[in-house]
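Trainee:
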Amino acid sequence: MSLDDRRAEIITSAAELFDRMGYSNTTMDDIGRTVGIAKPTLYHYFSGKDQILASIHEEFIDLLLEKNERRQQAGLAPEQRLLEVMVDIMELMETHRGHVRVFFEHHRELPEADQPAMRDKRDRYEAAVAHAIKQGTADGTFRDTDPRLAALALFGMCNWAYQWYQASGPLRPREIAYQFWDIFVRGIAAHPRGQTAG
């Protein structure tokens, strides 16, 4: 196994352990046993648990940034980009569940040296979603609203779904994302604003 492959295996195993046992309760010994390597060997790949934590964060946000960048380059319409943002988050809850919990719950435990770069990437992603909303407002797709506040509302719908999402549930991640998108874009009012039944 190459160095990069082994590091990836350690990151994935650690994310799953952090999800199941909690970050503070998981030790380097636990990670080493799960991966099947001795603790001293584990330190050959990572200087400590906090460096593994930083790598999980980076891997997760880089996945989101790369997916969003490809869609921007493809010229997808703003409403389609927002849908795919929601799909990304929901699908990662199934394919990278440990990463999701770690990213949303343990960013405060990141090493101080890693926090500025991670904050920059988070801000870039938030700005990209807000920009899609702003573009949709400009072309008449969305009504005029605060783009950043709307982006935060979108994240609020999706980011904590891992607390209740079950892979054995009746809906797949993309199906949940489609319903979230419909609620976010169209609202839940039965009639257009200013109209009443009758």
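For reference, each letter of the sequence shown is one residue, going 1055 to 1252 in our numbering. For glycine and all other residues, C-beta sits at the position ideal for the given N, C-alpha and C. Just so you know, these numbers come straight off a predicted model, no measurement behind them.
Would residue 1230 and residue 1176 qualify as a contact pair, given that the criterion is a beta-carbon distance under 8 Å?
Mentor: Contact: no.
Trainee: Would a check of beta-carbon distances place residue 1102 closer than 8 Å to chain C?
Mentor: Looking at the structure shown, chain C is missing, and only one protein chain is on hand.
Trainee: Where does residue 1079 fall in DSSP's three states?
Mentor: In this structure, residue 1079 counts as coil in the three-state DSSP scheme.
Trainee: Under 8 Å, with one C-beta from each stretch per pair, do the stretch 1091 to 1105 and the stretch 1126 to 1142 reach the 3-pair mark?
Mentor: Too few Cβ pairs lie closer than 8 Å, so no.
Trainee: For residue 1228, which residues in the same chain have their Cβ closer than 6 Å to its Cβ, ignoring the five residues on either side in sequence?
Mentor: Within the same chain, residue 1228 has close Cβ partners 1141.
Trainee: For residue 1254, which residues from the same chain have a beta carbon less than 8 Å from its beta carbon, with the 5 sequence-adjacent residues on both sides left out?
Mentor: Shown here, the chain extends from 1055 to 1252; a query on residue 1254 therefore has no answer.
Trainee: At the level of alpha carbons, what is the spacing between residue 1064 and residue 1095?
Mentor: So the two alpha carbons sit approximately 11 Å from each other.
Trainee: For the stretch 1168 to 1208, list the alpha helix (DSSP H) runs that are entirely contained and at least 4 residues long, ordered along the chain.
Mentor: Those alpha helix (DSSP H) runs which fall completely within the stretch 1168 to 1208 and span 4+ residues are 1169 to 1192.
Trainee: Following the continuous alpha helix (DSSP H) through residue 1110, name the residue where it begins and the one where it ends.
Mentor: That run of the alpha helix (DSSP H) goes 1103 to 1128.
Trainee: Going by alpha carbons, who is nearest to residue 1200 out of 1185, 1241 and 1085?
Mentor: The residue with the shortest Cα to Cα distance from residue 1200 is 1185.
Trainee: In this structure, how does DSSP classify residue 1056 when only helix, strand and coil are distinguished?
Mentor: It is coil, neither helix nor strand.
Trainee: What's the gap between the Cα of residue 1172 and the Cα of residue 1074?
Mentor: Each residue's Cα considered, the two are about 24 Å apart.
Trainee: Taking only the alpha-carbon atoms, compute the straight-line gap between residue 1195 and residue 1134 and give it to the nearest angstrom.
Mentor: Near 11 Å, if we compare the C-alpha coordinates of residue 1134 and residue 1195.
Trainee: My guess is that residue 1107 and residue 1085 are in contact by the Cβ rule of under 8 Å, so how many angstroms apart are they, rounded?
Mentor: About 11 Å; that fails the 8 Å criterion.
Trainee: Can you tell me whether residue 1149 is buried or exposed, with buried defined as 16 or more other CB within 10 angstroms of its CB?
Mentor: The residue is exposed, with fewer than 16 neighbouring Cβ atoms inside 10 Å.
Trainee: Could you check whether residue 1137 and residue 1179 sit closer than 8 Å to each other, using their CB atoms as the reference points?
Mentor: Contact: no.
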